[in-house]
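Have a look at the structure below, then the notes.
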Amino acid sequence: MTLLFLAGTLTIFAQTNIDGTWKGTRETPNGTFEVTYTFKAEGKDLKGSLKTSFGEAQLEDGKIDGNKISYSITFNGNSLKSTGEIINENEILIKNDRGEMKLTRVKS
Numbered sequence: 001m002t003l004l005f006l007a008g009t010l011t012i013f014a015q016t017n018i019d020g021t022w023k024g025t026r027e028t029p030n031g032t033f034e035v036t037y038t039f040k041a042e043g044k045d046l047k048g049s050l051k052t053s054f055g056e057a058q059l060e061d062g063k064i065d066g067n068k069i070s071y072s073i074t075f076n077g078n079s080l081k082s083t084g085e086i087i088n089e090n091e092i093l094i095k096n097d098r099g100e101m102k103l104t105r106v107k108s
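Read left to right, the sequence shown gives residues 1 to 108 (the numbering used here).
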């Protein structure tokens with residue numbers, strides 16, 4: 001029984017805190033594109049938003065499982081599904097049909 005309790009406790013602490021503001025850039029044919037994400041984990045649900053120079057969109061269907069995340073963004077009628085991996089407490093790697101992007105935590 002004690003082993004089950006310890007295993008459950010370690011699993012909870014193993015999940016990195018994703019809450020906060022994260023920034024990243026992506027190179028495009030039209031130049032460098034800067035993005036700002038705000039993430040908030042609510043159990044296994046991932047809430048938040050994406051902000052760019054073109055506007056802001058809410059995360060949809062956001063999930064978090066350990067160090068893996070997934071979500072969709074709908075912008076101008078187009079939906080983009082993304083997955084990600086929390087590399088450490090200050091870096092997240094996001095992947096989608098448009099490529100990869102590394103996000104860095106914004107210190108407050």
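For each residue, glycine too, the CB sits at the ideal point set by N, CA and C.
On the premise that T83 lies in contact with I73, defined as a C-beta separation below 8 angstroms, what is that separation, rounded to the nearest angstrom?
12 angstroms between Cβ atoms; not a contact.
Express the C-alpha separation of I86 and T2 in angstroms, rounding to a whole number.
In this prediction, T2 scores a pLDDT of 49, lower than 50, which makes its location untrustworthy; the coordinate-derived value is nonetheless stated afterwards. Cα-Cα distance, rounded: 29 angstroms.
What's the gap between the Cα of I92 and the Cα of F39?
11 angstroms
Please list, in chain order, all residues of the same chain as T21 whose beta carbon is under 6 angstroms from its beta carbon, the five residues on each side excluded.
T38 and V106
Measure the CB-CB distance between L103 and G48 and report whether it falls below 7 angstroms.
no
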